[in-house]
Amino acid sequence: MQRSIDTQLFEWPSDDPRLVGSECTACSVVTFPRQTSCPRCCGADVVPRRLGTSGRLWTWTTQEFLPKPPYALARSAGEFAPFRVGYVELPGEVLVESRIVAADDEPVVIGMPMRLTFVPLFTDAAGDEVICFAFEPLREGA
Amino acid sequence: MSEVAIIGIGLHPFGRTPHRSGLEQGVVAAQAALADARLSWKEVQYAFGGSHSAGNADTMVDRLGLTGLPFINVANGCATGGSALIGAYMAISSGQCDVAIAVGFDKHEAGAFSVNPRDWGLGNWYGEAGLALTTQFFAMKLHRYMHDYGITHDTLVRVAAKAYANGALNPNAWRRKALSYEEIAQSPMLNEPLRKYMFCSPAEGAAALVLASAAAVRKFGGKPVTLRAAVIRTRNFGSFEVFSPSLALQRAPSPSVFASRAAYEMAAVGPEDVDIAQLQDTESGAEIIHMAENGFCRDGDQEAMIREEQTCIGGRLPINTDGGCLANGEPIGASGLRQVYELCLQLRGDAGARQVPNKARIGYSHVYGAPGVSAVTVLAV
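Protein sequences, first through last, are from chains W and V.
Going left to right, the first sequence walks through residues 218 to 359 as my numbering numbers them.
Going left to right, the second sequence walks through residues 1131 to 1511 as my numbering numbers them.
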């Protein structure tokens, strides 16, 4: 079985899964994950918003040491595989923090086009495969 | 508001002290500050203290003396020490009391801080997926800053080298060995572009300050350092902060910028008047970015300033003269007060081998922490 890492974050399962944030009806500010109030104007009238699927990398880094719990992909330095994270700017909406999925030798640079994807991250105690959103470089011709 | 001065300073050495709890280190620092002020605990009328991971500050009254004084525990992340100082400052400036103490201490396990996402209003997924690391935030803020303003890897190495060189002159520092450019530049990459020796490490230590009103200064004498400003600010909409699953399209300055401006206004000085500064250096890049956020230069000017050694002891604006967080480690509750301890020592001319030679009159301290809080002080002699 597959399950979403958090049912509040994105539509799953779905033929066209999207991240779901919230949008303030008063000032149009978009947040992710969804909130019950607006961080900009303090308004409480916010509605869910399906977010776009592509944007540009605003900044990034690597994670090259084992994170402490509740990190779920590895429990020991031996099991740990380094990964990248970054913020992707979805035009007109919001910048989303995400794991960046790219080949180890694939260069990642600020400003490069990215698109939304969904990846199995780990298997939980019940044996279910846990799915999380991620972004990957939008390659030529893809 | 009436004038407030720091009349006593105390420190427990930073680093690792296996035989002493964090709380006990806080008691040592408090007693040292009282001795420096030539006061007894019975003369302290108000106390503010805090730690992140080493227990309740107010329990130290059973070691210091059960005098019944009001003691307020403070928990404000990396700004815990700075917040305790602001509490003591306000207690005196408002006329509530004449003598107050601020104490901060901590004792953390080795390795990066452990984070429970729920403490930060986030789902557990954030930690499970590997995003709940403060180090990633610092690296990502820095990466963007380097991209926008042309800060180079060379400058990151130079900042770390300065910190360890200063730490080597500080008997209370944790890391008292200067590291070469190559040792830093070739240390393992942790979060690109930041390497192992560019990061501070969670550690242990304590610092305490005794504050007094003008009347108490006249009564007790000593070597008062005037607290000209003590300001704390949290984030505005659009600032880029630790533990943010998303960021607004609209960018706003960091809370450090607002705290800094308010502090200059309160102290009636400008950044050009500051002779010595202690800026939060969680990692090399933080010191660089904080130079601009606190008004000491324009974005990008750090490249030349650091290459010309303007921020070294002996330079135009010495920064983190005690080795900062890089050489002292980061006991969260204690770091903000350590900075002020160092400024007092320097302004009094008591800093020994690391004494700045420029007859410093105005000192400036700055801390920044999760989830977007900044505390600034301006000191003067």
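Quick reminder that beta carbons are idealized off the backbone N, C-alpha and C, glycines included.
By a beta-carbon distance limit of 8 angstroms, F1426 (chain V) contacts L1447 (chain V). Their separation comes to about 6 angstroms. A direct Cα-Cα distance of roughly 8 angstroms separates A1232 (chain V) from L1341 (chain V). Residue V:G1140 holds the alpha-carbon nearest to the alpha-carbon of R1168 (chain V) among V:N1450, V:G1234, V:G1140 and V:L1477. Here A1337 (chain V) is near L1467 (chain V), since their CB atoms are less than 8 angstroms apart. Closer than 8 angstroms at the C-beta level to chain V, one finds these residues of the segment 249 to 275 of chain W: F249, P250, P256, R257 and W275. DSSP places H1238 (chain V) outside both helix and strand once states are collapsed to three, so it counts as coil. Note on the segment 1206 to 1280 of chain V: whole alpha helix (DSSP H) runs with a minimum of 4 residues are 1210 to 1223, 1255 to 1258 and 1264 to 1279, in chain order.
In this structure, the straight-line span from the alpha carbon of I1443 (chain V) to that of R1325 (chain V) is close to 24 angstroms.
With a contact defined as Cβ atoms closer than 8 angstroms, Q1226 (chain V) and Y1176 (chain V) qualify at about 7 angstroms. Per DSSP, reduced to three states, the secondary structure at I1406 (chain V) is strand. CA-CA distance, T1189 (chain V) to G1430 (chain V), rounds to 46 angstroms.
Boundaries of the beta strand (DSSP E) harbouring Y304 (chain W): F300 to L307, taken from the DSSP string. For W1250 (chain V), not one C-beta of chain W is nearer than 8 angstroms to its own C-beta. At a cut-off of 8 angstroms between C-beta atoms, I348 (chain W) does not count as an interface residue with respect to chain V. In the three-state DSSP reduction, Q1380 (chain V) falls in the coil class, being neither helix nor strand. The Cβ atoms of G1212 (chain V) and E1433 (chain V) lie no closer than 8 angstroms to each other. The Cβ-Cβ distance between Q1266 (chain V) and T334 (chain W) does not fall below 8 angstroms. H1149 (chain V): not part of any alpha helix (DSSP H); DSSP gives it neither H nor E. Shortest Cα-Cα distance from F352 (chain W) to any of W:V313, W:S231 and W:R292 involves W:V313. With a contact defined as Cβ atoms closer than 8 angstroms, R1305 (chain V) and G1454 (chain V) miss out at about 10 angstroms.
For A1359 (chain V), there is no enclosing alpha helix (DSSP H); the enclosing beta strand (DSSP E) covers residues V1355 to T1364. In terms of beta-carbon proximity, R1274 (chain V) lines the interface with chain W, with at least one pair separated by less than 8 angstroms. What F1367 (chain V) touches in chain W, judged by beta-carbon distance under 7 angstroms, is P256 and R257, going in chain order. Just so you know, the alpha carbons of L1339 (chain V) and Y1219 (chain V) end up roughly 11 angstroms apart. Residues P250 and R251 of the same chain have their beta carbon placed closer than 7 angstroms to that of Q225 (chain W), with the five preceding and five following residues left out of the count. For the pair R1348 (chain V) and P1385 (chain V), the Cα-to-Cα distance works out to about 36 angstroms. Residue-level contact by beta carbon fails for P1501 (chain V) and chain W, as no gap is shorter than 8 angstroms.
Annotation: P1385 (chain V) is outside any beta strand (DSSP E); the continuous alpha helix (DSSP H) that includes it extends over P1385 to A1397. The beta carbon of E1334 (chain V) sits no closer than 8 angstroms to any beta carbon of chain W. Per the DSSP secondary-structure output, I1436 (chain V) pairs with nothing in a beta bridge. Annotated as proximal: L1215 (chain V) and V1470 (chain V), with beta-carbon spacing under 8 angstroms.
In summary, no residue of the segment 1395 to 1421 of chain V has a CB separated from any CB of chain W by less than 8 angstroms. For P1143 (chain V), the nearest beta carbon of chain W is not closer than 8 angstroms to its own beta carbon.
When C-beta atoms of the segment 1145 to 1154 of chain V are compared with those of the segment 1354 to 1363 of chain V, fewer than three pairs fall below 8 angstroms, so the two segments do not count as touching. Note that the C-beta distance between H1142 (chain V) and I1462 (chain V) is not below 8 angstroms. The C-beta separation of A319 (chain W) from R301 (chain W) comes to about 7 angstroms, placing the pair in contact by the 8 angstroms criterion.
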